[in-house]
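One structure below.
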Amino acid sequence: MSQDVSFRRKIIYVAAIALLLFPLFLLGQPATTRTSGGVLAQLRTEYNLGQSDLGEIDPASEAMKLATMGLRPVAVITLWEKANEYHKKEDWDNLSATLNQIIKLQPNFISVWEFQAHNLSYNVSVEFDDYRQRYHWVKRGINFLTEGIRYNRENPRLLHQIGWITGQKLGRADEYVQFRQMFREDDDFHRDMNEGVIVDDALGYDGRPDQWLVGRLWYQRAQSAVDTMGIPLRGKSPLVFHASSPMSLINYASAIEEEGVLGETAMRAWRDGEQGWSDFGERQIPTSWGHNVRLAAYEQTREQAEEMIEAFFEMVPGLREQIEQEKREQLSEELQAALDTPEEELTEETFEMWAEAKRATFVSLPEVADRVEDRQIRERARRLAGSIEETRTLADRTAQYRGTVNYEYWRTRCEAEQTPAALRAREDLYNASRFLDQASLEDARELYERSWESWRELYKQYPTLMDAVEADDVLQAIKRYGSLLQQLDEPLPADFPLYDFLARFRDRHEDTLNDFLRQALQQHENAVRSEPAVEDEPAVEDEPALEEDEPVAEDDPVAEDDQAEA
């Protein structure tokens, strides 16, 4: 009896296995040239998850993965340990060989390509003393990433990383002057890069490829992969990702000015940078809050919120003040006294009480809307209060994203650098420095002093530029000018145009000024304080109007509005 039961059970198992083979075949049937395959094969095709869709299929890589017989993670860990050991021992040949083995086992692991490319371009390159060898290893890091693109077709992170190393490493390293020149003349490297971008589309002022502009081409290709091909951007901030392309134009404009390319050429470069930054400001940037922001729309959003707030309080006149007064009456006498204290007179002890009183008497818009007696007006006020909060939140988040990339500063900088004052200031400053290097002191002095007038004009129009990092370059130029005056045994002129500029630097960092400038600034401030105050001249009484004069027209409200907007 038991044997019959066991036999029947085996028959059932075999039959079940046979029946399951059919749905398994429907699920796992591989695709062929004539058929689309099973469900899994169709899903791989639909979402581009197949190896052939991700990138190039390497027979050696596939063979290595099969040969490990399920021990690929162990092999990868062992190879990583060997790579780190070779790096410590500065055994660069074995390090490169080990990295090649790792990518055969993990060709679609993006972090491997990013980490090792950064390792080659940044960490390994600095181990060499000769800048030519350093440049060679930076190129090896870039070539390593371009190889990764073949395995991970149009991956935006890898494309962006190529642009980053091409621009930032070659343009920001200590040897950036040599790196930029070597890149211009590296025709072999240009031919290699032509496999990914058209290098001739990134020619600089001298007709040779510029590394900032070539880096921008890689950024644009990465953006195209996200915008046009719909490849998701993972592991990188969309804000920083999309800001890199226009920043390359700005960095190019700044770099050529430093190299002495000024005038119309520099102005065109800054104009291109301004256009790129403006386009970036109009782009819809995904945020971590689940919605998009447009950086250039911040002012418009704030104005919209203010108009809505004005309409809200016109709908419920005096209600917020009434609620605030009710809350104030519930405060203790100490808190009321603290609330009446002007902010400039607050001490550490009274500030906490003042802040507590402010929080206790704060009246929110929904709170005001809930107190409206008329039901229809109350519902309208609630909806409007909700819209105001949403608009305010959008404006605040837009401002936060603008601050991350310093949007307002770069927009102002691009505009300012195109002005005649900026062009004159930079050209005179560059030529003055050149004359000083040639020991032509009088010529240098004349150009320096002419440059200071232009800088004063520029800073008067764009005062925020005095607080920027680039203002350090002007300070260093003033220090060189001070050294020139010391050689001539002369003090800093009493009418030096940039005393206010020096004062701002001293107030931020006292040790930024040398003794010569510090003493000159102190003498200037003492002289200003000792000057007698100029008495106001007596006002001239209005002469009586003649009878024949036409009556004075009343102020035009439209004109006043135009002036306010201006």
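Just so it is clear: in the sequence shown, position 157 is 169 by this note's numbering, and no numbers are missing. Ideal Cβ positions, reconstructed from N, Cα and C, are used throughout, including at glycine. Remember, predicted model here, so these are calculated numbers, not experimental data.
Runs of the alpha helix (DSSP H) lying entirely within the region 398-457, each at least 4 residues long, are 419-428 and 432-449 in chain order. Put simply, of Gln473, Gly398, Glu458 and Leu470 the residue whose alpha carbon is nearest the alpha carbon of Leu497 is Glu458.
Gln232 and Phe127 have their C-alpha atoms some 22 angstroms from each other.
In this chain, the alpha helix (DSSP H) harbouring Leu225 covers Gln223 to Asp239. At a Cβ-Cβ threshold of 8 angstroms, Arg409 and Val305 count as neighbours. Judged by pairs of C-beta atoms under 8 angstroms, the region 329-349 does not touch the region 278-298, as fewer than three such pairs exist. For Ser257, the uninterrupted alpha helix (DSSP H) run begins and ends at Pro250 to Glu270, by DSSP. When the alpha-carbon of Gly160 is set against those of Arg220, Gln145, Val124 and Gln235, the nearest one is in Val124. The three-state secondary structure of Ile210, taken from DSSP, is coil. For Lys181, no alpha helix (DSSP H) run applies, since DSSP gives it neither H nor E.
Ile297 has Val305 as its beta-bridge partners, per DSSP. Annotation for Gln312: the continuous alpha helix (DSSP H) segment containing it runs Tyr310 to Met327. Residue pairing of Leu215 in beta bridges, as defined by DSSP: Pro221. Arg228 counts as buried, since at least 16 other C-beta atoms from the protein chains shown sit within 10 angstroms of its C-beta. Looking only at Glu420, Arg425, Phe508 and Ser495, the smallest Cα-Cα distance to Ser463 is reached by Phe508. Counted as a single uninterrupted DSSP element, the alpha helix (DSSP H) harbouring Ala381 occupies residues Leu377 to Asp382. The straight-line gap separating the alpha-carbon atoms of Asn538 and Tyr442 is approximately 32 angstroms. Nearest C-alpha to Ala309 among Leu435, Gln412 and Asn526: Gln412. Nearest to Ser452 by C-alpha distance, out of Arg468, Gln499 and Gln348, is Gln499.
Cα atoms of Asp386 and Ala483: separation of roughly 59 angstroms, rounded to the nearest angstrom. If you keep only unbroken alpha helix (DSSP H) runs of at least 4 residues inside the region 458-512, you get 483-499. In the structure shown, the three-state DSSP call for Pro85 is helix. If you check the CB distance, Pro168 and Ile89 do not come in under 8 angstroms.
Looking from the CA of Pro119, the closest CA among Trp366, Lys491 and Leu170 belongs to Leu170. Using a Cβ distance threshold of 8 angstroms, Trp230 and Asn263 do not count as a contacting pair. Within its own chain, the residues whose Cβ lies closer than 7 angstroms to the Cβ of Ala437, once the five positions on either side in sequence are excluded, are Ser463, Ser466, Trp467 and Leu470, listed in chain order.
In the three-state reduction of the DSSP assignment, Asn120 falls in the coil class. For the pair Leu245 and Leu358, the Cα-to-Cα distance works out to about 50 angstroms.
Counting along the chain, Ile335 sits inside the alpha helix (DSSP H) bounded by residues Leu331 to Glu341. Take the alpha-carbon of Ile321 and the one of Ala372: they are about 22 angstroms apart. Arg152 places its beta carbon 8 angstroms or farther from that of Leu182. In this structure Ala265 is in contact with Glu429, their Cβ atoms being roughly 7 angstroms apart against a cut-off of 8 angstroms. Pairing Gly302 with Leu406, the inter-Cα distance amounts to about 12 angstroms. The beta-carbon separation of Ala95 and Ile122, rounded to 17 angstroms, does not stay under the 8 angstroms limit for a contact.
In this structure, Ile335 keeps its C-beta atom at 8 angstroms or more from the C-beta atom of Glu368. Taking a 10 Å sphere around the C-beta of Met241, we find fewer than 16 other C-beta atoms and assign the residue as exposed.
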